[in-house]
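Q: The following block contains the structure, expressed as structure tokens.
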Amino acid sequence: MKVAIIATFLGQKTSGAEISSFLLAKSFNTSQNKNDSAFVITTKISHPMPFRCYSIPSVRHVPNSVLLIGHKYIDRLMEKRIHTILQKEKPDVVHIQDSSMMITAIKVSKKLKIPTVFTVRDYRFVCNLSIPLEQGIVPFRYNKKMYKKWLYESFVQRYGKGWISYLVFPWFYTQNNRLLHYFKNIDYYITVSDFVKNKVIESGIEKRKIKTIKVQKEEWSPINGIGTSQKIRIFTAGGLKKTKGFDYLLHSFRYVVDKYPNTQLRIAGEGSSMEKLVKLTRRLRLKQNVTFLGNINHETMREEYAHSHFVISPSLWPEPLTRIIFESFTMKKTIIATDVGGSSELVIHGKTGLVVEARNVKDMTNAIITLIKEPDTRERLAKNGLALITKVSNVSAVFQHHRKVYEKLIRYKKN
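For what it's worth, my numbering labels the leading residue of the sequence shown as 102, then goes sequentially.
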């Protein structure tokens, strides 16, 4: 079986979607079945890959921010190259990993009569703006006027210049409608959590065409880098934007530091809220206790987990199932997670971690203090988390789940 994996940023970034796509491609290329293989099509390649990886030279000068939104002109730039690659490789199935290359991949696959699979990791199948999600809404029904309002708020939030939204509205709105249309033309859907699966069903996709497969855990072994240090070190990571809840975490951390002055919080990631969060850190007099690491590579991320006592996911929006949970459990670190999206499918309160109410500063503060003063609780929760993730998210299980989906789809298409 040969699989084409379409992943827009796999050749450049090491965030959750890219790591999952990389591990999937690697597992197919190291399968015990000699007939199994996978190759990747991505936009740009900035580092070596251990498997066949094709880039698209025609978009090498297109900024990632533009690729993320997409445009019919960019689709045309990519279409000929993708068609040539798929025609040459003749894959049995095309597995699309994100929305940015979805439209082109579907169009070419349909022409070549290759079945398509799409992994749903976010909510761009209903809207390509995050503003409604920040308000806890997965927006299935909205009109042009509502979309225009959300776009205005997005530009105010990110650039402080809402007027720009009027200039780009036709682009954003047209692309949003194109994504909604083409999403319904996929042959089969894989969701990263049951929470997302239910949302996809709610959007009108038939249940029989959807399967939840948890993402593959890291190929890491737990390392205890804490040693005998008495200084508590907490780690968190993610895009520094409003939906991730880092501002609420900093307010909670102020109360924690009042009680435990030597506690350190380390935050990995970059994003539109970076400047605001740095200013908030200074205002809360936390400069000596909080470190912003920026974007860090995969190996550095592993080291950060190893040297932390526990991890926090303070997200506000309905996370499909954040990768930080998988990474924490794999490194045998317990986690505090907010009660949003699919997080509670793995973070079971009092068993594999602690779950707190999103936006609740007091809840978060109490949970952090509990894990600081109760090392036995930390150890018990971390041990349970590692056992759970080893069971549901190991290489073999995730690989076999994907392979069965591909086999089912290929048989259906042949008949």
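The C-beta atom is built at its ideal place from N, Cα and C for all residues, glycine as well.
Just so we're clear, the structure is a prediction, and the values are computed from it rather than from any experiment.
Roughly how many angstroms lie between the CA atoms of V496 and Q258, to the nearest whole one?
A: Taking the straight line from one Cα to the other gives about 40 Å.
Q: Just to confirm the assignment, what range does the alpha helix (DSSP H) spanning L281 have?
A: First-last of the alpha helix (DSSP H) with L281: 265-284.
Q: Please return the same chain residues whose Cβ sits closer than 6 Å to the Cβ of L169, not counting the five positions on each side in sequence.
A: Answer for L169: S201, listed in chain order.
Q: Of the residues T292, P415, S374, H282, which one's Cα is nearest the Cα of F336?
A: Among T292, P415, S374, H282, the Cα nearest to that of F336 is on P415.
Q: At the 8 Å Cβ level, is Q276 part of the contact set with chain B, yes or no?
A: No chain B is part of this structure, which consists of one protein chain only.
Q: In this structure, how does DSSP classify K312 when only helix, strand and coil are distinguished?
A: The answer is strand: DSSP assigns K312 an E or B state.
Q: Roughly how many whole angstroms lie between the Cα atoms of Q276 and Y243?
A: Spanning the two alpha carbons is a distance of roughly 15 Å.
Q: If we ignore side chains and look at the alpha-carbon of each, how far apart do Y281 and V227 end up?
A: Residue 281 is actually Leu in this sequence, not Tyr. Their backbone Cα atoms lie some 6 Å apart in a straight line.
Q: From the DSSP output, read off the bridge partner residues of C154.
A: DSSP lists V141 as partners of C154.
Q: Kindly list the residues whose CB is nearer than 7 Å to the CB of P240, restricted to its own chain and excluding five residues on each side of it in sequence; keep chain order.
A: Contacts found: V227, C228, P233.
Q: Measuring only the C-alpha atoms, how far is S304 from T364?
A: Going from the Cα of S304 to the Cα of T364 covers about 44 Å.
Q: Among residues of its own chain, excluding the 5 on either side of L387, which ones have a beta-carbon nearer than 7 Å to its beta-carbon?
A: If we look at L387 and ignore the five residues flanking it on each side, its Cβ neighbours are L351, F354, R355, V358.
Q: In this structure, how does DSSP classify A459 when only helix, strand and coil are distinguished?
A: Note: A459 maps to coil in three-state DSSP.
Q: Contact between the region 434-453 and the region 470-482: three or more CB pairs below 8 Å?
A: Touching, yes.
Q: Among residues of its own chain, excluding the 5 on either side of K433, which ones have a beta-carbon nearer than 6 Å to its beta-carbon?
A: Closer than 6 Å at the Cβ level, and outside the excluded window around K433, lie P323, A483, L487.
Q: Using three-state DSSP, classify L230 as helix, strand or coil.
A: In the structure shown, L230 sits in coil (DSSP, three-state: anything other than H, G, I, E or B).
Q: Which whole-angstrom value is the C-beta distance of P476 and V441, which I expect to be below 8 Å?
A: Incorrect: roughly 27 Å between the Cβ atoms, too far for contact.
Q: Hey, how far is the Cα of K312 from the Cα of F284?
A: Straight-line Cα distance between these residues: approximately 16 Å.
Q: Please name the residue or residues paired with Q258 in a DSSP beta bridge.
A: Answer is none; Q258 lacks a bridge partner.
Q: Taking 8 Å as the cut-off, decide whether the C-beta atoms of K318 and I490 are in contact.
A: Yes.
Q: Over what stretch of residues does the alpha helix (DSSP H) that includes H162 continue unbroken?
A: Note, H162: premise wrong, no alpha helix (DSSP H); not H, not E.
Q: If I'm right that V448 touches A438 with Cβ under 8 Å, what's the distance once you round it to whole angstroms?
A: Rounded, the Cβ-Cβ distance is 4 Å, consistent with contact.
Q: Just to confirm, is the Cβ distance from A568 to I425 under 8 Å?
A: With the chain represented from 102 up to 516, any question about residue 568 goes unanswered, as that position is not in the structure.
Q: Among R504, K298, E180, K474, which residue has its Cα nearest to the Cα of Y361?
A: Ranking the options by Cα distance to Y361, first place goes to K474.
Q: So which of E428, T466, T423 has the shortest CA-CA distance to S445?
A: Of E428, T466, T423, the residue nearest in Cα terms is T423.
Q: Check for me: the beta strand (DSSP E) holding E289 runs from which residue to which?
A: Correcting the residue identity first, residue 289 is Tyr in this sequence and not Glu. From DSSP, the beta strand (DSSP E) with Y289 extends over 289-292.
Q: Just to confirm, are S147 and Q113 a CB contact at a threshold of 8 Å?
A: Cβ distance < 8 Å, so S147 and Q113 count as in contact.
Q: If you measure between the beta carbons of S373 and K332, is that distance less than 8 Å?
A: Going by C-beta atoms, S373 is not nearer than 8 Å to K332.
Q: Quick one: what does DSSP say H450 is sitting in, helix, strand or coil?
A: Three-state DSSP puts H450 in a strand.
Q: By alpha-carbon positions, which one of V457, A105, A468 ends up nearest to F140?
A: Nearest C-alpha to F140: A105.
Q: For R177, is the classification buried or exposed, using 16 other Cβ atoms within 10 angstroms of its Cβ as the cut-off for buried?
A: Label assigned to R177: exposed.
Q: What's the C-alpha gap between K509 and Y289?
A: Each residue's Cα considered, the two are about 10 Å apart.
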